[in-house]
Every structure is written in structure tokens, then in C-alpha cells.
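Report on one structure; see the data block that follows.
Protein chains: 2
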Amino acid sequence: MNLKQLSHMLALSQTTVSRALNGYPEVNEETRRRVVDAAKRHGYRPNPSARRLATGKTGMIGYVLPTGASVDIDPHFVEFLSGLGDYARSHELDLVLSPADADDQETTYRRIVANRQVDAVYISSPRPADRRVALVNTLGIPFIVHGRSDGFDFDYPFTDIDNEGAFHEAARLLVQLGHRRLALINGDDRETFAIHRERGMRRALAASGLTLGERHVCSVTMTEENGYRAARRLLEQSEPPTAIACSSLIMSLGVVRAVRDLGLTIPGDLSLIAHDDVFPWLKPENFSVPLSTTRSSIRLAGARVAERLAARISGLEEGARGEVWPVDLVVRGSVAGAPV
Amino acid sequence: MNLKQLSHMLALSQTTVSRALNGYPEVNEETRRRVVDAAKRHGYRPNPSARRLATGKTGMIGYVLPTGASVDIDPHFVEFLSGLGDYARSHELDLVLSPADADDQETTYRRIVANRQVDAVYISSPRPADRRVALVNTLGIPFIVHGRSDGFDFDYPFTDIDNEGAFHEAARLLVQLGHRRLALINGDDRETFAIHRERGMRRALAASGLTLGERHVCSVTMTEENGYRAARRLLEQSEPPTAIACSSLIMSLGVVRAVRDLGLTIPGDLSLIAHDDVFPWLKPENFSVPLSTTRSSIRLAGARVAERLAARISGLEEGARGEVWPVDLVVRGSVAGAPV
DNA sequence: CAAAAGGACCAAAGCGCTTTGGAAGACTCT
DNA sequence: AGAGTCTTCCAAAGCGCTTTGGTCCTTTTG
């Protein structure tokens, strides 16, 4: 059942039927009713390929997926996707993942824009002055950045959490509890979120005249193993930290293991706070010692990004507004006063 | 730069240019060279929307993504996606995720097929007599099932691992080590993989005249917390198991925690074997007691599924061949002889 | 009451490709 | 030399929609 057939059986032109269905004003309300009714009854759905050729609209949002044998997709991605998908579903949007060589994503961005394959894209895990952001900005396709990319001379729309504030608060609490030697096990410090977290922590320490020594900062990809290694490195120093802030729940699994291996205890010897993106399959309250966290649901962020993308596609949202969500600091058993 | 312009500047018809580019035989090799050359020089890329309207081919593979507030996407998904994406990239295929109400995926499948939105689809986490498999089979779109769906009177193409064999071997080893009370912490037993694993284990036990008591089987969604709960339930029984097979690394985190909470040790009091889908961010060899596993890279499976989908799209693969991959049994410190 | 304005509809021209059904010329064969 | 056969190319017809630029008729306005 296509437009031609439908209009034929209604004894109307394709023009009128098309307009009736798409809500144009120049069609009699009575006629529109007839058309809409008939369309529903016969299960008519406009062919997206045809519509897309005619209008350029695809009803899809895009994401360039870095791939490669040595490239690992962050497990946070599924949670983000859950939120994004949940919203997208309610708006009949599909998501197209365009795999790209991790070292040459530009080609892929250019392709999907030139080919009009999607109506909008989002960018995740941005770095300062991220080239992807600059690129999509000049290419002129609607986009939202999940996270932030500092250091541009233009504004762009983003949705981010207050990473700096979160780690500022976490560090402030630890200092108030008497800790003087804090350490940070961070994610890849080429990414903005990691930079912001470190900055927040330093700011809190500075406020009390403390500093974050170079030997007290680690920057690694967020695996359990790296958490373990980082923790061992930190704790086996001559002046080990008495408190650690950690950028991910997965890494903190490794931290806990290291602490145990060294015969230390949490929170007796070490206080620990980690950032929690809220996974359904790993919860900080279920750690052997319930883990204190800075918490922000990445799933909600996914839904929000989808919502904003949809709004930008339909022209409801414009401009370069960035939004920063606050982060909860949830205190559980893994923090205590500094050991004497 | 579109076909019209290109053919104009070559003083050829659109027909000839199109055919030259698409490798049709009825064009002079010299002419083809000229055309291909000019196309490359001017960066001509056929408009996919137009091509798609004309041919029905989309260059995309589809996946219906179950979503909803209470639906969690399995973290295995990213790893599968890594493999799929890596292969898809090399063949210029994109992946479109169509979010669907988890309770009504049929509508979405029908839509993407009716609209010709993708050239092929894959199905994951199938259950016995899975309706999705029956549906796509009748809809006639090329597909591959990742996993298996038993109980149909027709054949279909799938790529699966030997779950039954894996857990058979694992249980057999445990029995040989003297264990007599084994337990299984399984995934959702409505899914085929879980059924196969249980079957494998039962078969191994039966071979030695043993059985898997009802109180020694758990079937839960694979979270750390559920692993913990299941383990506690098992180990606090009057006749606790001396060995546990566990369907996921994430659950086994919970098992290890439970064992510790109960003051028991691995492998002294309990031997543990888990299935490992090979995550980059959580490795069995790094468990406090290195974990024995049945191992199969889900990333490789993703790549294989993509490869087969591509082959089916291009007509290179036909028929309903199912393939079953063997699973490695990797023995590490978490297994030992049964306690006396 | 003629002229202007508005309402409701339509024919046809895109969108940019692929594919059908020739056609023209060169070659082979009897 | 005329009939067939390749080879190589082309004009034009789709694919199924949206949108432009009318037309025709009814209503309002000066």
C-alpha cells in the first residue's frame, strides 16, 4: 500500500493525501479525517526511503563508534544506551552506529553528514578541544555532546555532570575527616571528565593548604586490573595515602582487592570513595565494605541526550546551551576518620 | 556531485556511469577506467538514499533493542558490539539499533522489514521456540541468531557456543576431583544458553551416578548481587555444595564475596568455575583466587555474526547452517579436590 | 457588482539513483 | 553481401514520497 494506491482509492491527489497526513493547513478538516482514517484502516505507512530521498529527513540519530582490535568499548555505553533507547523508542527514532577506525573518525563523520544518513549525532567521551566537536560544528549537523570539550572559541550544546564539583565535595569530606594524604585513581586524563575531577580534588585540597602530590595521582583506563595496580603502587609508597578517590566502580573493585592483598582494611587504613554511574549489575552498597560514591545515573543522561537531540531535530531547541547536572555524594561505610 | 553531473562531464549517460561504477560487464574496460578515475577524483559517492529507494538495499544491519525503564541491557552487549563493529567497519556496514518495547518487539521487527530499513538482522539471547526467530524467518529477511532457539520444526542459521559441552566438562572435572555435591548458579533459565549449561552439567553428573538437586540450582539475572544471594542460599544449606559452576564472571564476584562473608575459602571449602565471555575490564586471572573458567570470546562471536550477515546479504551464504563453537576450559587456582 | 482574497484541491516536477528495453556500430559467418 | 551476434552505449521509466506553482470555486470587500 503506497501513496498512489491510497490516493487513488480516496479519489484524491497524492498531494492532498500527503498533506493531510503531514498536518498541513491547506486541507479541509473533513477530508483530513477521511484520509487519516483510510490510512489507518489500510495500515498505510509512508516508505521511509522515499520520504528520505524527498526530504532529507531520516528519523535516525547517529553515533560514530570507534572500533579496532585494540579498542574496547566502555561498559558504561550500554547504560547510556538504555536511556537513549528508551527515549528514542517513544519518539520513533532509531540509532545508527557507524563503526569507524578509532584513529580516523573524521572520514566517517563526513560520510554520514554528506550522505545525510542521520538527522543528528551525539558525541561521547570528549577531550579538550576535541576534533570531533569542532568537526560536527562546522559540518552543521545538529548534535549534542555528552560530556564537555573545553578550549574552544565557540559554544556548543552539551549535557554533562559536575565532575569537578563531585570530586571537590568528595575530597572536602575526606579532608574534614582528617585525611591529609589523599590520592586519585583517575580515568584516562586526556578526557575532560578526568581533568575536571582532578581539578575539583585539587581545589578542595588547596582550600586546606594541601596538595595532590604527583605520586598520588594515577591515570589509567578503567579496568579492575588497572585499579588494582594503581592502588598497590599508591599504597606501597613510603608515605601512602590514607584516602583514595577513584573514578569508577570497576576500578574500585581492583582497589579493594589490593587493599586486601596488602593486609589493610577499609576504612580503618584507607578511606575510599568512587564514582558510580549506576550499573544494575554492580552496586556500591554491596561491596564487602559498602562503598561511598559520587553518584550520577548515566542512563538518565542517555535519555536526556536523546531528548535534546529530538528537540534539535524538530527545531524546538536551538543555540548552544550547555547543561551541567549536579552529582550526589553518597556516604557509606568505606570512609572514616584518618588513622592516627 | 551527483550522477547527473558526473555523467555530464564525462559525456556519458547516467546508465553507463552507473554501470561502470557498479561493475557491470557491458561496459568497455577503458571507459570504466575513465569513469572510476573521474569518480575518485571528484569524490563522487552515490547518494545512499537514492540508491536505497531504487534498489531496496540499505547497507545496514539491524538489531531490535529491547528497552524500558525496567529493562537492563546486558553488559556483554558492548563486547559483542566491539566485534560486530570491527567487522562491519571493514565492509562499510552500519548497525541500526531500533529500540522496542521489551514486551512487543514484533511490531518493530515488522516495521523494519516492511520499511526495508535494513538488509539483515541478528537476534541475541534467544529462548526456546523464540517468537522473534519464527517471525523473522517468515518475514523472509536475512538473519543470524547469536545463540540457539530449540524446538522449531524448521532450521535456521545460528552461531552459538557449546554451552552444554562447556558445563559438561567443567562438572566432569569437579567430579573427578572428588566433588559430590555440585551446584549451579545459572542465568535466566528461560534462555537457551542457561538450559544448555544446566543440561551439560546434569549429564556429567549422571555419568557418575550423581544428580543436581533442586536446591542446588539457581536461575537469576546475572548481577553481582544475585550471585551473592544465590551463593549464600546455597552455602547456608544443611548440605552445602563443595563446588559451584557459575554462569557469569559478574555473578562470581558476588559468589566470592559471599564465600568470604561466610568465613569460607576458595578452593579449600569451595571450588568455583565460572563462564567467562572475556571482558577487557574484568579478568578471571585477577580474582583474589584466580578463577577457573569456561572461556569463549563474545567479541569474536560478534565479528563472526557480522561476517555471516554480510555474506548472507551478498548472497554468498545460504541455507540454515548452524555453527557451534567449542569452549575452552581454563583451570586456575579456584578449583581443588573436594574437602574431606 | 466587479475585483480581490481565501479555501481546497491537483498535475507535475523534483529527490538521485538503478534498470529495462532498445539502438548503433563492429564483427563473424555462410 | 546479407543475416546474425556481440559489444557498447543510451533514453527513459521507474522507486514512492514531498513540494512547487497553479486552477477552480466560493466568499469577502470597496
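Residue numbers (the UniProt record's numbering), protein chains in the order written: chain A, 1 to 340; chain B, 1 to 340.
For each residue, glycine too, the CB sits at the ideal point set by N, CA and C.
On a predicted model such as this, the values are computed, not experimentally measured, just so you know.
Exercise. Between A:Arg215, A:Glu239, A:Cys246, A:Gly213, which lies nearest to Tyr228 (chain A) when the distance is taken from Cα to Cα?
Worked result: Translated into positions along the first sequence, residue 228 (chain A) becomes position 228. Looking at the Cα atoms, A:Cys246 is the closest of the given residues.
Exercise. Taking 8 Å as the CB-CB cut-off, is Thr67 (chain B) touching chain A?
Worked result: Stepping through the second sequence from its first residue, residue 67 (chain B) is reached at position 67. It does; some Cβ of chain A falls within 8 Å.
Problem set entry | Pro117 (chain B), buried or exposed, once every other Cβ within 10 Å from all chains shown has been counted against 16 | Position 117 of the second sequence, counted from the start, is the residue given in the question as residue 117 (chain B). The sequence as given places Gln at residue 117 (chain B); Pro does not occur at that position. Gln117 (chain B) comes out buried.
For this session: Measure the Cβ-Cβ separation of Ile61 (chain A) and Leu12 (chain A) and say whether it is below 8 Å.
Result: Within the first sequence, residue 61 (chain A) is the residue found at index 61, counting from 1. Within the first sequence, residue 12 (chain A) is the residue found at index 12, counting from 1. No, the pair does not count as a contact, with Cβ atoms beyond the cut-off.
Exercise. Asp37 (chain A): buried (16+ other C-beta within 10 angstroms of its C-beta) or exposed?
Worked result: Position 37 of the first sequence, counting from 1, holds the residue named residue 37 (chain A). Exposed, since its Cβ has fewer than 16 Cβ neighbours within 10 Å.
For this session: Would you kindly work out how many angstroms separate the C-alpha atoms of Arg34 (chain B) and Thr108 (chain A), rounded to a whole number?
Result: Locating residue 34 (chain B) in the second sequence gives position 34, counting from the first residue. Locating residue 108 (chain A) in the first sequence gives position 108, counting from the first residue. The alpha-carbon atoms of Arg34 (chain B) and Thr108 (chain A) are separated by roughly 27 Å.
Problem set entry | Span of the alpha helix (DSSP H) around Phe77 (chain B) | Locating residue 77 (chain B) in the second sequence gives position 77, where the first residue counts as 1. That run of the alpha helix (DSSP H) goes 76 to 90.
For this session: Return the bridge partner residues of Val96 (chain A) from the DSSP annotation.
Result: Mapped onto the first sequence, residue 96 (chain A) falls at position 96. According to DSSP, Val96 (chain A) bridges with A:Gly62, B:Val96.
For this session: Flag Leu174 (chain B) as yes if its beta-carbon sits less than 8 Å from any beta-carbon of chain A, otherwise no.
Result: Looking up residue 174 (chain B) in the second sequence gives position 174. Output row for Leu174 (chain B): interface = no.
Problem set entry | Collapsed DSSP secondary structure at Asn226 (chain B) in the structure displayed | As a working note, residue 226 (chain B) is residue 226 in the second sequence. In the structure shown, Asn226 (chain B) sits in a helix (DSSP, three-state: H, G or I).
Exercise. How is Ala129 (chain B) classed by DSSP in three states: helix, strand or coil?
Worked result: Counted from its first residue, the second sequence places residue 129 (chain B) at position 129. Coil at Ala129 (chain B), not helix or strand.
Problem set entry | Bridge-paired residues (DSSP) for Leu184 (chain A) | Locating residue 184 (chain A) in the first sequence gives position 184, counting from the first residue. DSSP lists A:Val217, A:Ala245 as partners of Leu184 (chain A).
Problem set entry | Secondary structure of Arg148 (chain A), DSSP reduced to three states | Counting from 1 along the first sequence, the entry for residue 148 (chain A) is found at position 148. It is coil, neither helix nor strand.
For this session: Could you name the residues of chain B that Tyr228 (chain A) contacts, counting a contact when the two beta carbons are closer than 8 Å?
Result: As a position in the first sequence, residue 228 (chain A) is number 228, starting the count at 1. Within 8 Å Cβ-Cβ: Asn286.
Problem set entry | For Val340 (chain A), the nearest candidate out of A:Ile273, A:His179, A:Glu214 (CA to CA) | For the purposes of this step, residue 340 (chain A) is identified with residue 340 of the first sequence, where counting begins at 1. Of A:Ile273, A:His179, A:Glu214, the residue nearest in Cα terms is A:His179.
For this session: Just the C-alpha distance for Leu184 (chain B) and Cys218 (chain B), rounded to the nearest angstrom, thanks.
Result: Indexing the second sequence from 1 puts residue 184 (chain B) at position 184. Indexing the second sequence from 1 puts residue 218 (chain B) at position 218. Using only the alpha carbons, I get a separation of about 6 Å.
Problem set entry | Distance, Leu3 (chain A) Cα to His42 (chain A) Cα | If you number the first sequence from 1, residue 42 (chain A) lands on position 42. If you number the first sequence from 1, residue 3 (chain A) lands on position 3. Their backbone Cα atoms lie some 11 Å apart in a straight line.
For this session: Could you name the residues of the same chain whose beta carbon sits closer than 8 Å to that of Gln14 (chain B), not counting the 5 residues immediately before and after it, in chain order?
Result: The sequence position of residue 14 (chain B) within the second sequence is 14, counting from 1. Excluding sequence neighbours, Gln14 (chain B) sits near Leu3, Lys4, Ser7.
Exercise. What do you get for residue 345 (chain B), buried or exposed, if any count of 16 or more other CB atoms within 10 angstroms of its CB means buried?
Worked result: Lying before the first or after the last residue shown, residue 345 (chain B) is absent from chain B, which here runs from 1 to 340.
Exercise. Exposed or buried, Glu30 (chain B), counting other C-beta atoms within 10 Å across all chains shown (16 or more means buried)?
Worked result: For the purposes of this step, residue 30 (chain B) is taken as residue 30 along the second sequence, with counting starting at 1. Glu30 (chain B) should be labelled exposed.
Problem set entry | Three-state secondary structure (DSSP) of His275 (chain A) | For the purposes of this step, residue 275 (chain A) is identified with residue 275 of the first sequence, where counting begins at 1. Note: His275 (chain A) maps to strand in three-state DSSP.
Exercise. Among residues of its own chain, excluding the 5 on either side of Ala166 (chain A), which ones have a beta-carbon nearer than 6 Å to its beta-carbon?
Worked result: Position 166 of the first sequence, counted from the start, is the residue given in the question as residue 166 (chain A). Excluding sequence neighbours, Ala166 (chain A) sits near Thr294, Val327.
For this session: Could you tell me the boundaries of the beta strand (DSSP E) in which Asp328 (chain B) lies?
Result: As a first step, residue 328 (chain B) is located in the second sequence; it is residue number 328 there, counting from the start. Unbroken beta strand (DSSP E) run through Asp328 (chain B): 328 to 330.
Exercise. Looking at the unbroken alpha helix (DSSP H) that takes in Glu164 (chain A), where does it start and where does it end?
Worked result: The residue labelled residue 164 (chain A) in the question sits at position 164 within the first sequence. Per DSSP, Glu164 (chain A) belongs to the alpha helix (DSSP H) from 163 to 176.
Problem set entry | Three-state secondary structure (DSSP) of Arg304 (chain A) | In the first sequence, counting from the first residue as 1, residue 304 (chain A) sits at position 304. In the structure shown, Arg304 (chain A) sits in a helix (DSSP, three-state: H, G or I).
Problem set entry | Test: Thr223 (chain A) CB closer than 8 Å to a CB of chain B | Locating residue 223 (chain A) in the first sequence gives position 223, where the first residue counts as 1. Interface residue, yes.
For this session: Consider the Cβ of Ala231 (chain A): report whether some Cβ of chain B lies at a distance smaller than 8 Å.
Result: Looking up residue 231 (chain A) in the first sequence gives position 231. Cβ-Cβ to chain B under 8 Å: no for Ala231 (chain A).
Exercise. Using CA coordinates, which residue listed in B:Ser49, B:Ser18, B:Glu79 is at the minimum distance from Pro280 (chain B)?
Worked result: Walking along the second sequence from the start, residue 280 (chain B) turns up at place 280. Ranking B:Ser49, B:Ser18, B:Glu79 by Cα distance to Pro280 (chain B) puts B:Glu79 first.
Problem set entry | Contact with chain A by Ala170 (chain B), beta-carbon distance below 8 Å | Along the second sequence, read from residue 1 onward, the residue named residue 170 (chain B) stands at position 170. False, the Cβ-Cβ gap to chain A never drops below 8 Å.
Exercise. Chain B partners of Pro75 (chain A), CB-CB under 8 Å?
Worked result: In the first sequence, the residue the question calls residue 75 (chain A) occupies position 75. Within chain B, the residues near Pro75 (chain A) are Pro75, Val78, Phe279, Trp281.
Exercise. Where do the N-terminal and C-terminal ends of the alpha helix (DSSP H) with Ser49 (chain B) fall, by residue?
Worked result: For the purposes of this step, residue 49 (chain B) is taken as residue 49 along the second sequence, with counting starting at 1. Start and end: 48 to 55.
Problem set entry | Straight-line Cα distance separating Arg321 (chain A) from Ala114 (chain B) | Position 114 of the second sequence, counted from the start, is the residue given in the question as residue 114 (chain B). Position 321 of the first sequence, counted from the start, is the residue given in the question as residue 321 (chain A). Going by the C-alpha atoms only, they are around 39 Å apart.
For this session: With a 10 Å radius around its C-beta and 16 neighbouring C-beta atoms as the bar for buried, classify Leu316 (chain B) as buried or exposed.
Result: In the second sequence, counting from the first residue as 1, residue 316 (chain B) sits at position 316. Result: exposed.
For this session: Find the residues of chain B that neighbour Gln117 (chain A), judging by a C-beta separation of less than 8 Å, and give them in chain order.
Result: Along the first sequence, read from residue 1 onward, the residue named residue 117 (chain A) stands at position 117. Correct list: Pro48, Asp94.
For this session: Using 10 angstroms around the beta-carbon of residue 378 (chain B), count the other beta-carbons present and answer buried if the total reaches 16, otherwise exposed.
Result: Shown here, chain B extends from 1 to 340; a query on residue 378 (chain B) therefore has no answer.
For this session: State the Cα-Cα distance for the pair Arg172 (chain B) and Arg332 (chain B), rounded to the nearest angstrom.
Result: Here residue 172 (chain B) refers to the residue found at position 172 of the second sequence. Here residue 332 (chain B) refers to the residue found at position 332 of the second sequence. Each residue's Cα considered, the two are about 16 Å apart.
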